[in-house]
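Input: a single structure, listed below in structure tokens.
Residue numbers (the working numbering): 75 to 596.
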């Protein structure tokens, strides 16, 4: 707002913070009114208005600039994206992230070592952090549509719209910047004055905008005002386009706020339609938290809050991987390729059960069942003495095999498992001792690396046992799931002992399209 001279340029940081707080309060008030009006009238109306204003800006810029040039950019950008999509998806800047002298390109022409952190990792974390909110909102507004429609529309239409948006505004901005640089260079070469073509008329730009060149109206070069630079260059229409941009931005903030409130309402009400008082509470709470964070630490606190959101995207990435597997399996059930849960063999003790039922018992105030004592003892045994649990599980499994595995084989596997587990613990302790010694950092790193080799060996043997039990019982799953369970939740593989503690059900075979209808023993 200072950039547009709507506020004085001499305001202190406290005054700017107060102004931002008032803006948040206004946006919160509008968002609250939208939430109270409901999804079909309030949120939909605001969203449609913001969307149409954004389209208006896009069409205006496309028409005022060079349309054929922008069309060429769109075609070229789409082709470039398709040509490099797979390459970029697997690009990790492996060499650039190395230190100089440690494998980094010696000619110094490699990418910056922090490029992946600044851009790729940052935006991945940012989008994943938004996934719970956006996913729940999309599910709410997609009620009545098929899964195919939801997946297809959410993956294609936003992508196509983003292509148009970034190509139109990006192409116009690049052209504007290059024309200004060209005029500056021409002024230097022909007249010996880089400011020869400097735009001095203040009619179409703020007085504090900086150096501007006639391309065709004005080109302020102040950091942080690039959008308004672009809007202000078009034939005296800058003020109108800037006003529409501000209104559109505010409405998009309102839609984000009321959509967030709607999602929180749904979660707090367990998916039911929330009462109007609850809607108001969450909408006002969102604004109050933002104002409180702004007042406590200024604008830096919002940056810190953003960083926390991105960091939380890392653990949620694992959750999203599990959700993708769950969706794939649910679609197989829907297609009749496998039977629904309750009609097919499953683990007696799921990975999320057992000891994890204790926090659920606490949080539900005793409404869920408290796990028995043997669950805790078995979990403790699996944590500190996994070879014992592995041996007992494998020997119990052999009783139900058509060709029982020899005890010596299970004994060798349990021995390897135990040695690898002990090596993991001991080598880690040794590496810490070496790292504490100033003369032994290299040896410490070597011990650390060998410790993780031992752990992966341990996890590999453990996943092999889980895989054999899962196949014996005909439990739906994959080898990747077995490995992930062994690597990340090895104490929970006490489920193997819980599974073979009862008589195994016959392995079912289902015909496609008749899940649950055809069942016979293998």
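Virtual Cβ for every residue (Gly too), placed ideally from N, Cα, C.
On the premise that residue 127 lies in contact with residue 325, defined as a C-beta separation below 8 Å, what is that separation, rounded to the nearest angstrom? Position 251 of the chain shown holds residue 325. Position 53 of the chain shown holds residue 127. Cβ atoms of residue 325 and residue 127 come within 8 Å of each other, at about 7 Å.
Applying the criterion that 16 or more other CB atoms from any shown protein chain within 10 Å of the CB defines a buried residue, is residue 460 buried or exposed? Stepping through the chain shown from its first residue, residue 460 is reached at position 386. Counting the other Cβ atoms within 10 Å of the Cβ of residue 460 gives 16 or more, which makes it buried.
Going residue by residue through the region 114-182, where are the continuous beta strand (DSSP E) segments of at least 3 residues, counting only ones entirely within it? Fully contained in the region 114-182 is no beta strand (DSSP E) run of length 3 or more.
Which whole-angstrom value is the C-beta distance of residue 559 and residue 423, which I expect to be below 8 Å? In the chain shown, counting from the first residue as 1, residue 559 sits at position 485. In the chain shown, counting from the first residue as 1, residue 423 sits at position 349. Going by Cβ atoms, the distance from residue 559 to residue 423 rounds to 12 Å, so no, they are not a contact pair.
What did DSSP end up calling residue 439 once you bin it into helix, strand or coil? If you number the chain shown from 1, residue 439 lands on position 365. Here residue 439 sits in coil by DSSP.
Taking C-beta to C-beta, are residue 339 and residue 117 nearer than 8 Å? Within the chain shown, numbered from 1, the residue matching residue 339 stands at position 265. Within the chain shown, numbered from 1, the residue matching residue 117 stands at position 43. When the beta-carbon positions are compared, residue 339 and residue 117 stay at least 8 Å from each other.
For residue 349, three-class secondary structure by DSSP: Taking the first residue of the chain shown as position 1, residue 349 is located at position 275. Residue 349: coil per DSSP, three-state reduction.
Using the three-state DSSP reduction, which class does residue 541 fall into: helix, strand or coil? Sequence index remark: in the chain shown, residue 541 carries index 467 (1-based). Residue state, collapsed to three classes: helix.
Residue 347 versus residue 252 - alpha carbon distance: The residue you call residue 347 lines up with position 273 of the chain shown. The residue you call residue 252 lines up with position 178 of the chain shown. If you take the alpha carbons of residue 347 and residue 252, they lie about 53 Å apart.
Spatially closest choice to residue 366 from 305, 379, 354, by CA coordinates: Mapped onto the chain shown, residue 366 falls at position 292. Ranking the options by Cα distance to residue 366, first place goes to 379.
Could you check how far apart the C-beta atoms of residue 204 and residue 384 are, in whole angstroms? I think they sit under 8 Å. Indexing the chain shown from 1 puts residue 204 at position 130. Indexing the chain shown from 1 puts residue 384 at position 310. Rounded to whole angstroms, the Cβ separation of residue 204 and residue 384 is 10 Å, and the two are not in contact under 8 Å.
Return helix, strand or coil for residue 281, following the three-state DSSP convention. Here residue 281 refers to the residue found at position 207 when the chain shown is read from its first residue. Annotation note: pLDDT 38 at residue 281 (below 50); position unreliable, no value reported.
Return the first residue and the last residue of the alpha helix (DSSP H) that residue 199 is part of. Your numbering for residue 199 matches position 125 in the chain shown. For residue 199, the uninterrupted alpha helix (DSSP H) run begins and ends at 196-215, by DSSP.
For residue 279, count neighbouring C-beta atoms within 10 Å of its own C-beta (all shown protein chains included) and say buried if the count is 16 or more, exposed if not. Numbered from 1 along the chain shown, position 205 holds the residue referred to as residue 279. The pLDDT assigned to residue 279 is 45, lower than 50, so where the model puts this residue is not dependable, and the model offers no usable value.
Span separating the alpha-carbon of residue 120 from that of residue 319: Working through the chain shown from its first residue, we reach residue 120 at position 46. Working through the chain shown from its first residue, we reach residue 319 at position 245. Roughly 15 Å between the two C-alpha positions.
Could you have a look at residue 444 and say whether DSSP puts it in helix, strand or coil? As a first step, residue 444 is located in the chain shown; it is residue number 370 there, counting from the start. When DSSP states are grouped into helix, strand and coil, residue 444 belongs to the coil group.
What residue does the alpha helix (DSSP H) around residue 311 start on, and which one ends it? Along the chain shown, read from residue 1 onward, the residue named residue 311 stands at position 237. First-last for residue 311: undefined, no H or E at that position.
Beta-carbon spacing of residue 328, residue 105 below 8 Å: Taking the first residue of the chain shown as position 1, residue 328 is located at position 254. Taking the first residue of the chain shown as position 1, residue 105 is located at position 31. Yes, they are a contact pair.
If you follow the alpha helix (DSSP H) that residue 269 is part of, which residue opens it and which one closes it? Along the chain shown, read from residue 1 onward, the residue named residue 269 stands at position 195. Unbroken run through residue 269: none, as it is neither H nor E.
Helix, strand or coil: which one does DSSP assign to residue 580? Taking the first residue of the chain shown as position 1, residue 580 is located at position 506. Any answer about residue 580 is weak, because its pLDDT of 48 lies below 50 and its placement is not dependable; what the coordinates show is given next. The DSSP-derived three-state label of residue 580 is coil.
The alpha helix (DSSP H) enclosing residue 552, as first and last residue numbers: Here residue 552 corresponds to residue number 478 of the chain shown, with the count starting at 1. According to the DSSP assignment, residue 552 belongs to no alpha helix (DSSP H), since it is labelled neither H nor E.
Reduced DSSP category for residue 460 - H, G, I as helix; E, B as strand; rest coil: For this step, residue 460 is matched to residue 386 along the chain shown. Helix, per DSSP.
Contacts around residue 502, its chain only, beta-carbon distance under 8 Å, and the 5 residues preceding and following it disregarded: Locating residue 502 in the chain shown gives position 428, where the first residue counts as 1. Within its own chain, the residues whose Cβ lies closer than 8 Å to the Cβ of residue 502, once the five positions on either side in sequence are excluded, are 521, 522, 525, listed in chain order.
Consider the Cβ of residue 498: report whether some Cβ of chain B lies at a distance smaller than 8 Å. Of the chains in the structure shown, none is chain B; there is only one protein chain.
For the 8 Å Cβ check, are there 3 or more pairs between the region 533-551 and the region 409-423? Result yes; three or more Cβ-Cβ pairs closer than 8 Å.
Where residue 228 sits in the DSSP three-state scheme: What you label residue 228 is simply residue 154 of the chain shown in a count that begins at 1. In this structure, residue 228 counts as helix in the three-state DSSP scheme.
Three-state class that DSSP yields for residue 505 in the structure shown: Counted from its first residue, the chain shown places residue 505 at position 431. Residue 505 falls in the helix class under three-state DSSP.
Cβ of residue 456 within 8 Å of Cβ of residue 565? For the purposes of this step, residue 456 is taken as residue 382 along the chain shown, with counting starting at 1. For the purposes of this step, residue 565 is taken as residue 491 along the chain shown, with counting starting at 1. Going by C-beta atoms, residue 456 is nearer than 8 Å to residue 565.
Taking one C-beta from the region 351-369 and one from the region 151-162 each time, how about it: are there three or more such pairs within less than 8 Å? By the C-beta criterion, the region 351-369 is judged not to be in contact with the region 151-162, since fewer than 3 inter-stretch pairs fall below 8 Å.
Between 190, 239, 447, which has its C-alpha nearest residue 133's C-alpha? Residue 133 sits at position 59 when you count from the first residue of the chain shown. Minimum Cα distance to residue 133 is reached at 239.
Please report the distance separating the alpha-carbon of residue 493 from that of residue 563. If you number the chain shown from 1, residue 493 lands on position 419. If you number the chain shown from 1, residue 563 lands on position 489. Cα to Cα, residue 493 sits roughly 19 Å from residue 563.
For residue 91 and residue 300, what's the separation of their Cα atoms in angstroms? Reading the chain shown from its first residue, position 17 is the one you call residue 91. Reading the chain shown from its first residue, position 226 is the one you call residue 300. Distance between the alpha carbons of residue 91 and residue 300 is about 22 Å.
Separation of residue 147 from residue 123, as counted between CA atoms: Residue mapping note: residue 123 aligns to position 49 of the chain shown, counting from 1. Residue mapping note: residue 147 aligns to position 73 of the chain shown, counting from 1. Their Cα atoms are separated by approximately 28 Å.
DSSP three-state call for residue 563: helix, strand or coil? Counted from its first residue, the chain shown places residue 563 at position 489. Reduced to three states, the DSSP call for residue 563 is coil.
If distances are taken between C-alpha atoms only, which option among 436, 476, 368 comes closest to residue 93? Within the chain shown, numbered from 1, the residue matching residue 93 stands at position 19. Closest by alpha carbon: 368.
Report buried or exposed for residue 568, applying the criterion of at least 16 other Cβ atoms within 10 angstroms of its Cβ. Along the chain shown, one-based indexing puts residue 568 at 494. Counting of Cβ neighbours within 10 angstroms places residue 568 among the buried residues, the total reaching 16 or more.
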